[in-house]
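Q:
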Amino acid sequence: MPRSLPWSRAARSAGPAATSPAATGGGATARGSAARRSTARRYALPVAALTVLGLVAACSGPPKGDGSTKDAAFKLSAGTPAAAGEIDSFTWAVYAEPPTLDYISAFDYPANTILSNVCESLMRWTPQLTMAPGLAEKATNPNDLTWVYDLRPGVRFHDGGTMSADDVVYSLGRQMDPENGAAWNSNFSNVETVTKTGPLQVTVKLKQPDSQFPQYMATAAGVVASKAGVEKAGEDYGTTGSLDCTGPFKLGAWNKGQSIELQRFDGYWGTKAKSGKAVFTFLTDPNARTNALLTGGADGGYLIPTESYDRLRASGAGTLYFGEGLSTVNVNVTSMKGALGDVRVRRALSLALDRRGFVKAGLGGAGTVTSSLTTKAIWAGAPDAVRASAFDTLPSPDQNVEAAKRMIEEAGATGKTLTVATSSIGQDVSVLATAIQDAGTKIGLKIELKTIAPNAFTALFTDPAAREGIDMFPETYYDSITDPMDLLSNFQTGAYQNYAGYSDESYDALADKARAESDPAKRFSAAAELQKKASDQVLWIPVAEWPTAVFLNKRITGAPTTISYLYSPWAADIGAAAR
2 MPRSLPWSRA
12 ARSAGPAATS
22 PAATGGGATA
32 RGSAARRSTA
42 RRYALPVAAL
52 TVLGLVAACS
62 GPPKGDGSTK
72 DAAFKLSAGT
82 PAAAGEIDSF
92 TWAVYAEPPT
102 LDYISAFDYP
112 ANTILSNVCE
122 SLMRWTPQLT
132 MAPGLAEKAT
142 NPNDLTWVYD
152 LRPGVRFHDG
162 GTMSADDVVY
172 SLGRQMDPEN
182 GAAWNSNFSN
192 VETVTKTGPL
202 QVTVKLKQPD
212 SQFPQYMATA
222 AGVVASKAGV
232 EKAGEDYGTT
242 GSLDCTGPFK
252 LGAWNKGQSI
262 ELQRFDGYWG
272 TKAKSGKAVF
282 TFLTDPNART
292 NALLTGGADG
302 GYLIPTESYD
312 RLRASGAGTL
322 YFGEGLSTVN
332 VNVTSMKGAL
342 GDVRVRRALS
352 LALDRRGFVK
362 AGLGGAGTVT
372 SSLTTKAIWA
382 GAPDAVRASA
392 FDTLPSPDQN
402 VEAAKRMIEE
412 AGATGKTLTV
422 ATSSIGQDVS
432 VLATAIQDAG
442 TKIGLKIELK
452 TIAPNAFTAL
462 FTDPAAREGI
472 DMFPETYYDS
482 ITDPMDLLSN
492 FQTGAYQNYA
502 GYSDESYDAL
512 ADKARAESDP
522 AKRFSAAAEL
532 QKKASDQVLW
542 IPVAEWPTAV
552 FLNKRITGAP
562 TTISYLYSPW
572 AADIGAAAR
């Protein structure tokens, strides 16, 4: 999943998705980085007959409570106060300008933060990180290979048309067509056909059971746009003109390099937006973004620069909130051709890393150290014994330089060189890269840092040439569904983010088994085994869990504190704060 920050989404299993005979893809060609989002969100709300796949028991969302730990300098908030009234407009700071708003390419923070308010999916991710009905008012699965989506009647597109089953078939077809290079393509790898089975009904037939597919229908993978609108825009779809979707906002002026304006859609089928306009301003420099929040140049923003946490807290200009992020900060191992081909070297680097120092300096104290690739919240639907098994056998996150140095000596790697990418994109990136260098130096390795410009950092996720000569880089991975398989599928042979080319037939077979398993307890059990395998092989180096941060000035309120903002129309709830 391409990202202009190292905050990278999960790329799913390998292999092109078969084009459905009933779902003819068309329209604009997407960005060529078809990273598959392997985020599996779990649904707690009863979405029709989800029980057939046994999903209801596993869809309870993250654990309740503030999520704080004794060593964490932050507290998780369930949300922000509800708006007291309407406002004319608000301005939101984002760290980069999306290259496109075409939903099939929406695979990064900037695009999804904006697009989630314009284009809606068949299902919806709630602020509690559960799944609820979206454009489909009912979803049923009469058998393990069939999902039936009954659509809401009378839903209007921004250009005036009415949503029908034809629009759904067409929209999903664009994701499935390999010619489009859709970022979500691999989430459809088990889809046989997408067929109109009624004026307001679409039936998806699977090649084999897939516990993940229905969950992704609450992400950008399940977006529905007007067939007529997409075809009319042609190659310009996503960059100019209307997006012709159904959300509470429609696309307004796009001032390239400066801002994107969204306008309230008065024909919206649901609750109308509380703001007449939302303006997203592009502020790539962290200091500029912080200053805008402090001075009122921007009313709010997500992905707050970690170095600004204390300033914002103490400013009196507004409130800094933290919520569930389902995000882990990792060191992505991009090459095993050199010294990192020896697992002892990877283990030694992990053991020598000062995770607590990184959380304090790199995340402003707003994080918790971990030796797990997955967050604890992602296992909320697992039985207690299974959840314990996923974490109890993991190595300690504590630093042990002497033991790590012995490992390097045993591996014969003393003096060998490794290259780590770094960038001024944010303090979290630069501090982690420096921490890796410090850890490697202490145990006898030579770590070279390669600085990459912020606007080029995304290429590390999408372009093999950009990773040439790089052994590791900092990456924050967030899940798009509440399922550990979202991240753990990245290490299957040929998976999009399996940059180091790791391949293990037993891992692949177990991952396939987990994905096809309808019993949540058995699926989580298989995932726990996968986590052990990935941890033992140190396929990435886990560092910390990182919450979602959102800042709101005193004028506005209503934004969700969780990472749900990527796939739900969060901006519609922003309005005037109580005085």
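Under the numbering used here, the letters of the sequence shown match residues 2 to 580, in that order. Glycine included, each C-beta is placed from N, C-alpha and C at the ideal position.
Give the DSSP bridge partners of A137, in chain order.
A: Mapped onto the sequence shown, residue 137 falls at position 136. DSSP output for A137 lists L152 as bridge partner(s).
Q: What do you reckon, are the CB atoms on A470 and T81 nearer than 8 Å?
A: Mapped onto the sequence shown, residue 470 falls at position 469. Mapped onto the sequence shown, residue 81 falls at position 80. In the sequence under discussion, the amino acid at residue 470 is Gly, which differs from the Ala named in the question. Not in contact: G470 and T81 (Cβ atoms no closer than 8 Å).
Q: Would you report the Cα separation of A573 and L419, rounded to the nearest angstrom?
A: Along the sequence shown, one-based indexing puts residue 573 at 572. Along the sequence shown, one-based indexing puts residue 419 at 418. Computed Cα separation, rounded: 47 Å.
Q: Compare the Cα-Cα distances from A221 to each of A133, L327 and D109 and report the closest residue.
A: Translated into positions along the sequence shown, residue 221 becomes position 220. It is D109.
Q: If you pair each beta-carbon of the segment 478-492 with each one of the segment 371-380, do three or more pairs fall below 8 Å?
A: Contact between the segment 478-492 and the segment 371-380 is present, because at least three Cβ pairs lie under 8 Å.
Q: Assign K71 to one of two classes, buried (16 or more other C-beta atoms within 10 Å of its C-beta) or exposed (fewer than that).
A: Looking up residue 71 in the sequence shown gives position 70. Only weak support exists for where K71 lies, its pLDDT of 42 falling under 50; the value from the coordinates is given anyway. Exposed.
Q: Exposed or buried, K555, counting other C-beta atoms within 10 Å across all chains shown (16 or more means buried)?
A: Here residue 555 refers to the residue found at position 554 of the sequence shown. The residue is exposed, with fewer than 16 neighbouring Cβ atoms inside 10 Å.
Q: Step through the CB atoms of chain D and report whether any lies within less than 8 Å of the CB of N113.
A: Of the protein chains in the structure, only one exists, and it is not chain D.
Q: Once the 5 residues before and after W126 are set aside, which same chain residues still bring their CB inside 6 Å of it?
A: What you label residue 126 is simply residue 125 of the sequence shown in a count that begins at 1. Result list for W126: R42, A219, S565, Y568 and S569, in chain order.
Q: DSSP three-state label for K338, please.
A: Here residue 338 is taken as the residue at index 337 of the sequence shown, counted from 1. Looking at K338 - three-state DSSP - the assignment turns out to be coil, as it is neither helix nor strand.
Q: If distances are taken between C-alpha atoms only, which option among N191, Y497 and S481 comes closest to P465?
A: Counting from one through the sequence shown, the residue named residue 465 turns up at place 464. That would be Y497, whose Cα lies nearest to the Cα of P465.
Q: The beta strand (DSSP E) with L450 in it runs from where to where?
A: In the sequence shown, residue 450 corresponds to position 449, counting from 1. Element bounds for L450: K447 to T452.
Q: Measure the alpha-carbon distance for D237 versus W255 and round it to whole angstroms.
A: Within the sequence shown, numbered from 1, the residue matching residue 237 stands at position 236. Within the sequence shown, numbered from 1, the residue matching residue 255 stands at position 254. For D237 and W255, the distance between alpha carbons rounds to 13 Å.
Q: Within the continuous alpha helix (DSSP H) that includes Y217, where are the two ends?
A: What you label residue 217 is simply residue 216 of the sequence shown in a count that begins at 1. Element bounds for Y217: F214 to Y217.
Q: With the cut-off set at 8 Å, would you say K406 and I448 are in Cβ contact?
A: Sequence index remark: in the sequence shown, residue 406 carries index 405 (1-based). Sequence index remark: in the sequence shown, residue 448 carries index 447 (1-based). No, the pair does not count as a contact, with Cβ atoms beyond the cut-off.
Q: In this structure, what does DSSP give as the bridge partners for K275?
A: Stepping through the sequence shown from its first residue, residue 275 is reached at position 274. Bridge partners of K275: none, in fact.
Q: Inspect the CB distances between the segment 521-540 and the segment 377-397 and report whether three or more fall short of 8 Å.
A: At 8 Å Cβ cutoff, the stretches touch.
Q: Are V346 and A340 closer than 8 Å when you measure CB to CB?
A: Along the sequence shown, one-based indexing puts residue 346 at 345. Along the sequence shown, one-based indexing puts residue 340 at 339. Yes, they are a contact pair.
Q: What does the alpha-carbon distance come out to for the pair E325 and A83?
A: Working through the sequence shown from its first residue, we reach residue 325 at position 324. Working through the sequence shown from its first residue, we reach residue 83 at position 82. Going by the C-alpha atoms only, they are around 18 Å apart.
Q: Of all the beta strand (DSSP E) runs that stay within the bounds of the segment 207-294, which reach a length of 3 or more residues?
A: Entirely contained in the segment 207-294, the beta strand (DSSP E) runs reaching 3 residues are, in chain order, 250-256, 260-265 and 278-283.
Q: What are the uninterrupted segments assigned as alpha helix (DSSP H) that are 4 or more residues long and contained completely in the segment 403-436, given in chain order?
A: DSSP runs (the alpha helix (DSSP H)) wholly in the segment 403-436: none.
Q: Leaving out five residues on either side along the sequence, give the residues of the same chain with a beta carbon under 8 Å from the beta carbon of R580.
A: Locating residue 580 in the sequence shown gives position 579, where the first residue counts as 1. If we look at R580 and ignore the five residues flanking it on each side, its Cβ neighbours are A85.
Q: Could you say if the segment 222-241 and the segment 107-124 meet the contact criterion of at least three C-beta pairs nearer than 8 Å?
A: The answer is yes - the segment 107-124 touches the segment 222-241, with three or more Cβ pairs under 8 Å.
Q: Looking at L136: is its Cβ nearer than 8 Å to the Cβ of M164?
A: Here residue 136 corresponds to residue number 135 of the sequence shown, with the count starting at 1. Here residue 164 corresponds to residue number 163 of the sequence shown, with the count starting at 1. The answer is yes: Cβ separation under 8 Å.
Q: Using only CA atoms, which one of V224, V170 and T296 lies nearest to P200?
A: On the sequence shown, residue 200 is found 199 positions in, with the first residue counted as 1. Nearest option by C-alpha distance: V170.
Q: Terminal residues of the continuous alpha helix (DSSP H) containing Y503?
A: For the purposes of this step, residue 503 is identified with residue 502 of the sequence shown, where counting begins at 1. Unbroken run through Y503: none, as it is neither H nor E.
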